[in-house]
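J.:
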Amino acid sequence: MTDGRALVIRDLVKTFGDVVAVDGVNLEVRDGEFITLLGPSGSGKTTTLRMIAGFTNQTSGTIEIGGTNMSRVPPYRRDVGMVFQNYALFPHMTAGQNVAFPLEMRSIERTEIKRRVEEALALVRLEGYANRYPRQLSGGQQQRIALARAVVFRPRLLLMDEPLGALDKKLREALQLEIVRVSRELGAAVVYVTHDQEEALVMSDRIAIFRQGQIEQLGSGEDLYDRPVSLFVADFIGESSILRGRLERGPDGTYLTRDGSRLRVGEAALARAGLEEGAAGALVVRPERMRIGAAGETPPAGSNAVEGSVSTVLYLGSDRKYELALPGGEWAVVRQQLGGGEAEWHRGDTVTLWWPVDSGVLVADSAF
Numbered sequence: 000m001t002d003g004r005a006l007v008i009r010d011l012v013k014t015f016g017d018v019v020a021v022d023g024v025n026l027e028v029r030d031g032e033f034i035t036l037l038g039p040s041g042s043g044k045t046t047t048l049r050m051i052a053g054f055t056n057q058t059s060g061t062i063e064i065g066g067t068n069m070s071r072v073p074p075y076r077r078d079v080g081m082v083f084q085n086y087a088l089f090p091h092m093t094a095g096q097n098v099a100f101p102l103e104m105r106s107i108e109r110t111e112i113k114r115r116v117e118e119a120l121a122l123v124r125l126e127g128y129a130n131r132y133p134r135q136l137s138g139g140q141q142q143r144i145a146l147a148r149a150v151v152f153r154p155r156l157l158l159m160d161e162p163l164g165a166l167d168k169k170l171r172e173a174l175q176l177e178i179v180r181v182s183r184e185l186g187a188a189v190v191y192v193t194h195d196q197e198e199a200l201v202m203s204d205r206i207a208i209f210r211q212g213q214i215e216q217l218g219s220g221e222d223l224y225d226r227p228v229s230l231f232v233a234d235f236i237g238e239s240s241i242l243r244g245r246l247e248r249g250p251d252g253t254y255l256t257r258d259g260s261r262l263r264v265g266e267a268a269l270a271r272a273g274l275e276e277g278a279a280g281a282l283v284v285r286p287e288r289m290r291i292g293a294a295g296e297t298p299p300a301g302s303n304a305v306e307g308s309v310s311t312v313l314y315l316g317s318d319r320k321y322e323l324a325l326p327g328g329e330w331a332v333v334r335q336q337l338g339g340g341e342a343e344w345h346r347g348d349t350v351t352l353w354w355p356v357d358s359g360v361l362v363a364d365s366a367f
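For the sequence shown, numbering that gives the first Met the number 0 puts the final residue at 367, and the numbers step up evenly by one.
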């Protein structure tokens with residue numbers, strides 16, 4: 000009997016000569032949980048996934064799957080299904096034969112193979128496609144076959160390495176929901192690698208942000224978006240306005256001082272950041288929490304405000320995105336939902352930008 004943890008990684012390290020690709024990663028994945036490894040190219044996320052699968056040997060650390068140490072166990076003996084970006088289907092085999100292959104390698108009885116293949120094809124909604132060859136399938140259909148092949152032997156852990164990267168946006172969004180549905184029906188834990196932030200937010204129970212071989216922050220999409228622990232996470236997940244300065248305590252609260260101006264820091268944000276007076280910090284404000292008013296307009300009570308100039312206006316269908324140049328060379332991003340009754344602004348307009356004090360997240364700023 001297991002303890003409900005499908006995967007446990009402890010102090011995982013991988014070096015290639017003098018290059019440290021993965022540097023002390025620790026991660027636990029619960030049964031049925033969908034976790035995404037997200038980060039820029041070269042951050043260590045794919046190398047970590049390959050070590051979990053057994054395709055790459057770790058330099059040190061341990062990998063447990065279902066409570067068993069798999070650190071030196073070959074890939075074919077791990078209870079792991081794998082889905083690749085390039086589908087990796089056998090072109091000389093039909094879809095049904097591709098799905099059946101993992102079962103044949105495990106010497107499953109033939110009638111049971113037939114039953115499980117039909118079940119797996121139904122799971123990915125491709126009943127009736129068993130006799131088609133990969134060349135007769137669309138990209139989305141091929142990826143569904145690859146998914147069926149990965150789950151047909153009912154693995155406890157499903158690994159996916161940017162499986163939707165080769166597909167167009169509309170198909171990618173449709174398959175995101177399909178992958179989540181299939182994993183939920185199976186009850187399998189999923190470790191999913193992508194560089195697409197929106198994809199990670201849509202699909203994941205938790206997201207691990209990788210940076211330079213380490214996990215910078217692990218949490219739900221809401222945690223990462225609303226409570227980033229660093230400028231890197233704030234900048235990598237979604238869009239943000241980043242306002243830099245130094246902390247200064249006053250009789251009525253704490254402020255971020257910058258170029259002669261002061262921005263109020265919320266008490267909750269200050270407590271989370273753990274920064275002392277005089278420390279360099281940055282206020283991170285998400286674009287949908289900012290508002291634009293006429294130059295010189297007095298913002299509502301409990302708000303911070305700065306002056307700026309509209310630099311770019313982008314029409315995005317459901318909303319309008321403004322990029323504003325601020326004093327000191329900083330930039331702000333604002334999104335206004337269309338139909339909300341707010342004024343429309345144009346390139347070159349001088350405006351007042353304001354937001355509720357409690358909407359700002361404070362993080363350390365080593366570059367200030």
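Every residue, glycine too, gets a C-beta built ideally from N, C-alpha and C.
1. Please classify residue 248: is it buried, with 16 or more other beta-carbons within 10 angstroms of its beta-carbon, or exposed?
2. On a Cα-Cα basis, can you pick out the residue from 184, 43, 71 and 288 that is closest to residue 53?
3. Helix or strand or just coil, what does DSSP make of residue 107?
4. By a C-beta neighbour count over all protein chains shown, 10 Å radius and 16 as the cutoff for buried, is residue 332 buried or exposed?
5. Can you look up residue 132 in the DSSP assignment and give me helix, strand or coil?
6. Helix or strand or just coil, what does DSSP make of residue 92?
7. Excluding the 5 residues flanking residue 276 on each side, which residues of the same chain have their C-beta closer than 7 Å to its C-beta?
8. Taking DSSP's pairing of strands, which residues face residue 243 in a bridge?
9. Enumerate in chain order the residues of its own chain whose CB-to-CB distance from residue 298 is below 6 Å, with the five nearest sequence positions on each side excluded.
10. Counting along the chain, where does the beta strand (DSSP E) carrying residue 159 start and finish?
11. Using the three-state DSSP reduction, which class does residue 58 fall into: helix, strand or coil?
12. What's the call for residue 291, buried or exposed, on a 16-neighbour Cβ count within 10 Å?
13. Tell me the rounded alpha-carbon separation between residue 227 and residue 361.
14. Give the secondary structure of residue 47 by DSSP, where H, G and I count as helix, E and B as strand, and everything else as coil.
15. What's the C-alpha gap between residue 217 and residue 107?
16. Do residue 188 and residue 147 have their C-beta atoms closer together than 8 Å?
17. Please classify residue 59 as buried or exposed, where buried requires at least 16 other C-beta atoms within 10 Å of its C-beta.
18. Quick one: give me the first and last residue of the alpha helix (DSSP H) that residue 178 is part of.
19. Taking 8 Å as the CB-CB limit, is residue 221 close to chain B?
20. Assuming residue 359 contacts residue 283 under a Cβ cut-off of 8 Å, what Cβ separation, rounded to an integer in Å, is found between them?
21. Please confirm if the segment 188-199 is in contact with the segment 153-166, defined as three or more CB-CB distances below 8 Å between the two stretches.
22. Distance, Cα to Cα, residue 28 vs residue 115?
23. Between 236, 40 and 68, which has its C-alpha nearest residue 4's C-alpha?
24. If you measure between the beta carbons of residue 255 and residue 262, is that distance less than 8 Å?
25. Could you say which of 186, 185, 138 and 144 lies nearest to residue 171 if we only look at CA atoms?
26. The alpha helix (DSSP H) with residue 228 in it runs from where to where?
27. For residue 201, which three-state DSSP category applies?
28. Check each candidate in 287, 182 and 45 and name the one with the smallest Cα separation from residue 208.
29. Helix, strand or coil for residue 102 per DSSP?
30. Would the C-beta of residue 246 count as close to the ligand PLP, meaning under 7 Å from any of its heavy atoms?
31. Nearest to residue 25 by CA position, among 7, 267, 342 and 81, is which residue?
32. Hey, residue 102 and residue 112: beta-carbon distance below 8 Å or not?
33. Tell me the start and end of each unbroken beta strand (DSSP E) in the segment 270-344 that is at least 3 residues and wholly inside, in chain order.
34. In terms of alpha-carbon separation, which member of 185, 32, 40 and 94 lies closest to residue 210?
35. Could you give the first and the last residue of the continuous alpha helix (DSSP H) run that contains residue 163?
T.: Taking the structure as given:
1. Looking at its Cβ environment, which holds fewer than 16 other Cβ atoms inside 10 Å, residue 248 is exposed.
2. That would be 71, whose Cα lies nearest to the Cα of residue 53.
3. Under the three-state reduction of DSSP output, residue 107 falls in the coil class, being neither helix nor strand.
4. The residue in question, residue 332, is buried, as its Cβ has 16 or more Cβ neighbours within 10 Å.
5. Here residue 132 carries a coil assignment [DSSP, helix/strand/coil].
6. Three-state DSSP puts residue 92 in coil, outside helix and strand.
7. Around residue 276: 246, 247 and 248.
8. Note: residue 243 sits in a beta bridge opposite 281.
9. Around residue 298: 304 and 353.
10. Taken as a continuous stretch (DSSP letters only), the beta strand (DSSP E) holding residue 159 covers 156-160.
11. Here residue 58 sits in coil by DSSP.
12. Counting C-beta atoms within 10 angstroms of its own C-beta, residue 291 has 16 or more neighbours from the protein chains shown and is therefore classed as buried.
13. Cα to Cα, residue 227 sits roughly 9 Å from residue 361.
14. Collapsing the DSSP output to three states places residue 47 in a helix.
15. Computed Cα separation, rounded: 39 Å.
16. Cβ atoms of residue 188 and residue 147: not closer than 8 Å.
17. With fewer than 16 Cβ atoms within 10 Å of its Cβ, residue 59 is classed as exposed.
18. Residues 168-185.
19. The question asks about chain B, but that chain is absent: this structure has only one protein chain.
20. Correct: roughly 7 Å between the Cβ atoms.
21. Yes: at least three Cβ pairs fall under 8 Å.
22. Taking the straight line joining both Cα atoms gives about 26 Å.
23. Relative to the Cα of residue 4, the nearest Cα in the group 236, 40 and 68 belongs to 68.
24. Here residue 255 is near residue 262, since their CB atoms are less than 8 Å apart.
25. Sorting 186, 185, 138 and 144 by C-alpha distance to the C-alpha of residue 171 places 138 at the top.
26. First-last for residue 228: undefined, no H or E at that position.
27. Residue 201 falls in the helix class under three-state DSSP.
28. Selected option, being the one with the closest Cα: 45.
29. The answer is helix: DSSP assigns residue 102 an H, G or I state.
30. With respect to the ligand PLP, the structure shown offers nothing to examine, as it has no ligands at all.
31. Residue nearest to residue 25 within the set 7, 267, 342 and 81 is 7 (criterion: CA-CA distance).
32. Yes, the pair counts as a contact, with Cβ atoms nearer than the cut-off.
33. Counting only runs of at least 3 residues, the segment 270-344 fully encloses the following beta strand (DSSP E) elements, listed from N- to C-terminal order: 279-284, 290-293, 302-314, 318-324 and 330-336.
34. Cα-wise, what sits closest to residue 210 is 40.
35. Premise fails: residue 163 is in no alpha helix (DSSP H) and is neither H nor E.
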